[in-house]
Structures are given as structure tokens and as C-alpha cells.
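S.K.: So that we are looking at the same thing, I have put the structure below in C-alpha cells.
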Amino acid sequence: MIDAIIDTDPGIDDALAILLALKSGRFRVHAMTTVAGNSPIEDTTANAEFLLALAGRGDIPLYTGARKPLQRDLVTAPVHGKGGLAGVRQDRPASLTDDAPAKTVEIVRDSTQPITLIALGPLTNVAQAILLDAEAMSRVQEIVVMGGTFGGPGNMPHGSEFNLYVDPEAADIVFRFPVRTAVVPLEVCDPLKFHSDYFKALRDEDIRRPVTRMMSGFYETLLSLKQEAGVALYDPITVYYAINPSAFKLTPRQISIGLDDSTDRGRTTGTAVIDSESSGLNFVAESLDLQAFRRDFIKLLNG
């Protein structure tokens, strides 16, 4: 069982990642924390509340965090459609607590088991927790990050990736922090494309119906914008790393991130390192057993 905190900005692929974590039976989720990213904090939080209810896990505490990046205005991702979940969630006000970094520190400090921190959105909350209490956060077993690109074209200006482009200063803090960090970049996930038909194998109709609606809306939006045949699911693959790390090939890298708006904002570079056991190093996923993920995804969602 993996003791975890999930930090997220749902988002359709975040939604599928959250359902994967909650339905797989592989995680003891101590809390879910929300951050502004794909949508403003009100929507990401309402979406998280919706997903917890959908999975029958209203017992998991939900804390809200950053409403904007550390030093910048918020950039959102309208490709996720109305409300961030293609209009699947009914409009209702979110309950904002504004204490996610403090709660993260508290859980990590007080847990009798090492905590894995799964970060699926901009890294603002994680960076704020580190700034709040670095000693407590040094007890984190691993930070698993969906973000960056180390050879692909990126999906934002300067060849960067959305999560790190939104708050590069936060990412810089996280990547410099001396805790093991595993990064799942765009190019590892891009070869796998999904359509809504794939999810018709979900047994639980209450989950199958909203998931197929979300995926249909997501696919249609991406097709109109990019002419893509299928949807890459970055966040579920990141959660899958925590479940099955042996399906990934990791390479130790010293990661640096661009901070200049005009030239390299959010762009990641990874310098090869020799001593892979040194503290503070980051590990970048370079490949994934694609068939293992495609085989296991529905199986794990079905519980």
C-alpha cells in the first residue's frame, strides 16, 4: 500500500488519474490538495470534490491551495472544456480552505509511514510546503511529478510543458530540493493515444458514463485544435508510475528549468549524472512499457 498525498488541478486527465489512484486499491490517500492550473482554483476544487464523490471516497480530506503561481499570473488550459471537465460536473460552489501547503507539511510530519507526494499540476503547493517547513518535507519518500519534456516539442511556448510553464519558479524550488523526485515527461506518454470507446470496458456505469463523456469532449476539442487522433493521458501514466515503477526506465538527471518569459520559460533540461544515489537528484522517465499500461489501466479502474 502506498501512503500518498495527491496534489492536482483537475482537468480531464487529472480526473482519470485520480480515479485510477482511488479505484486501484493500491493507495492509502491521506489527503487530496488542489492547485490552480488547468482551471482556476474554484473549478479544480469543485472537480476534486466531484471526483471524490464519484469514487465513493468522500472520507478523504480535501484541502485547497494556491490560487495563482508564486510570482506570475495564472495561465489556464481551456482544452478541458466547461468547468475543466467538459461540462460533466454540475455547477456548484467549491469549499476553499486555502491551507494545502500547511496540511501537506502536517501530514508528512505526523505520518508513521513515509509519504509519496504525487503532483499532477503546477508545483506551487509543493514549493510552498517546502518553503514553509523544509525539514518536515525532507521526510517525503518521493515526489512524483507529471511535467516537463526532455526531447519532445512541448505543448507551450519555448518547447516547455504546461505544468512547469505555469509556475517555473515553483518547479525550480522542487527540483533543487534534496528529496528523490521522479519526473514523467510528455514524450513518455505521447505514444499512447486513447479514445472514449476504450473506457466502455468500465464495469461501474456511474463512472463509465461521466468518463466517456469527458473523454469525448476532450477528444473533440483536441481534434479541432491540433488534428490529433486520440488523447494522450499524462496524469494517469504518472499515477501508474507510483503503482508499477518497474514498467518505466528511469535515468538520473540534474534538472534545470528556464525562468525567462522571452526565451525559455518552463523549458526543462536534464544533465546526466554519474552517482545516481546522491541526494537531491531527479530521475526522469525515458520509456514506459506501453502495453503494460494499456493492459492494466482498465483493470485497475475496475478495482
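In terms of this note's numbering, the sequence shown has 24 at position 41, counting the first letter as 1, and numbering is strictly consecutive. Glycine included, C-beta positions come from ideal geometry on N, C-alpha and C.
1. I'd like the list of long-range same chain contacts for P44, defined as Cβ closer than 8 angstroms, with 5 residues on each side in sequence excluded.
2. With DSSP as the reference, please indicate the residues paired to K232 in a beta bridge.
3. Compute the beta-carbon to beta-carbon distance between A165 and G130, rounded to the nearest angstrom, for a pair I have assumed lies under 8 angstroms.
4. Give me the Cβ distance between V171 and L271, rounded to the nearest whole Å; I'm assuming they're in contact under 8 angstroms.
5. Checking 9 angstroms against the spacing of the C-beta atoms, do N30 and G67 come in under that value?
6. Among the candidates E269, K183, L169, whose CA atom is the shortest distance from the CA of K282?
7. Helix, strand or coil for H13, going by three-state DSSP, please let me know.
8. In this structure, does DSSP put E125 in helix, strand or coil?
9. Determine the extent of the alpha helix (DSSP H) in which D301 is found, giving its start and end residues.
10. Please report how far the alpha carbon of Q124 lies from the alpha carbon of R159, in whole angstroms.
11. Out of G134, M197, E25, L35, which one is the CA nearest neighbour of F177?
12. Sort out for me which residues DSSP pairs A102 with in a bridge.
13. What's the gap between the Cα of R278 and the Cα of L284?
14. Is the beta carbon of L79 sitting closer than 9 angstroms to the one on I24?
15. Alpha carbon to alpha carbon, how far is Y223 from L147? Give it in angstroms, no decimals.
16. With a 10 Å radius around its C-beta and 16 neighbouring C-beta atoms as the bar for buried, classify G20 as buried or exposed.
17. Can you tell which of Y217, F10, P(-7) has the C-alpha that lies nearest to the C-alpha of E32?
18. Expressed to the nearest angstrom, what Euclidean distance is found between the alpha-carbon atoms of G137 and F145?
19. Where does the unbroken beta strand (DSSP E) through Y46 begin, and where does it stop?
M.R.: Quick answer:
1. H13, A14, M15, K86
2. S270
3. Not a contact, Cβ separation roughly 11 angstroms.
4. 5 angstroms
5. yes
6. K183
7. strand
8. strand
9. The question about residue 301 has no answer here: the residues shown for the chain are numbered -16 through 286.
10. 16 angstroms
11. M197
12. D(-10), V128
13. 11 angstroms
14. yes
15. 20 angstroms
16. buried
17. P(-7)
18. 8 angstroms
19. 45 to 47
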